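A quick write-up on the structure given underneath.
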Amino acid sequence: MYHFSSDELTPTERYKLLSGSVIPRPIAWVMTEDVNTLNLAPISFFQVACGLMPWLALSVGYRNGKRKDTADNILTHEEAVVHLVDESLVKQMNATAASLPHDQSELDLINLPLVDSKSVSVPGLRDAKIRFETKLYDYKLLKDRAEHPVADFFFLEVTDMYFDEALMDPAKKYIDYHAFNPVARLAGPNYATLGPDFELKRPR
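Residue numbers 1 to 204, in full-length UniProt numbering, belong to the letters of the sequence shown in order.
Below is the structure:
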């Protein structure tokens, strides 16, 4: 097997090896708000954080040593709307990954209607098949060994959930993941959708 010591790799090499290994990764399409600007950005360092509490984990890396607007807005206003991305919205999602000036909204790049939220002031994307209204539960600033900030790590508490009616059984609270057909991040410019699945019975 090839072996690498993390200390011998550059940050770019470490990122390539880790992001290319921990796959597929779900994509959080995160809406936040500044004073006069809505921000919409895809984040693939994202996961459910707990089974007993409605918490999501989100890591927003720094760019060129600077905090991103998504993280800045969550820290300032302590709320966000997290959308999950299916194949029908993947092109719009990719468009919002562009680097824009602080006062320009990614919504200017796409043509998607908004919908008011119930528990947060940030609106959501009406066409997203799954979306979560969230409030900041906990936060950790991640630093490298030289004490330089490298990422903002958030625990977001889901306050309200929305699901397209074609995706779920409302009585059993089951999601039909094939009907949803989520898009996942791989490495570099590569993405994937669900392929064939299989079942394994858990041992007693």
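Where a beta carbon is used, it is the ideal one built from N, C-alpha and C, also for glycine.
Quick caveat: nothing in here was measured; it's all calculated off a predicted structure.
Mapping the DSSP letters down to three states, classify residue i as helix, strand or coil.
i	result
Q104	coil
G61	strand
M1	coil
P11	helix
K91	helix
A80	strand
N190	coil
T70	helix
A146	coil
L156	strand
Excluding the 5 residues preceding and the 5 following residue i in the sequence, name in chain order all residues of the same chain whose CB lies nearer than 7 angstroms to its CB.
i	result
S119	E133, T159 and D160
S6	R14
V122	M31, T32, E33, E79, A80 and V81
N73	T32, E33, D34 and N39
R185	P24, R25, I27, S44 and Y191
S116	In the sequence under discussion, the amino acid at residue 116 is Asp, which differs from the Ser named in the question. Excluding residues within five positions, the ones whose Cβ falls inside 7 angstroms are P123.
Just how far apart, CA to CA, sit residue i and residue j?
i	j	result
D127	E87	12 angstroms
K129	K172	18 angstroms
P26	E8	29 angstroms
A166	G195	20 angstroms
P189	M53	33 angstroms
V183	A192	6 angstroms
A95	S105	12 angstroms
A57	Y174	22 angstroms
Locate the alpha helix (DSSP H) running through residue i, then write down its first and last residues.
i	result
F180	Y177 to F180
Below 8 angstroms on the Cβ atoms is my guess for residue i versus residue j; work out the distance and round it to an integer in Å.
i	j	result
Y62	A151	6 angstroms
A41	V30	6 angstroms
L75	Y177	Not really, about 32 angstroms apart at Cβ, beyond 8 angstroms.
Go through its chain and collect everything with a Cβ distance to residue i's Cβ below 8 angstroms, but skip five positions before and after it.
i	result
A187	K16, S19, G20 and I23
A98	E106 and L109
Beta strand (DSSP E) containing residue i: first to last residue?
i	result
F132	I130 to K143
E165	Unbroken run through E165: none, as it is neither H nor E.
F198	First-last for F198: undefined, no H or E at that position.
N36	Per DSSP, N36 belongs to no beta strand (DSSP E) and is neither H nor E.
F46	F46 to V48
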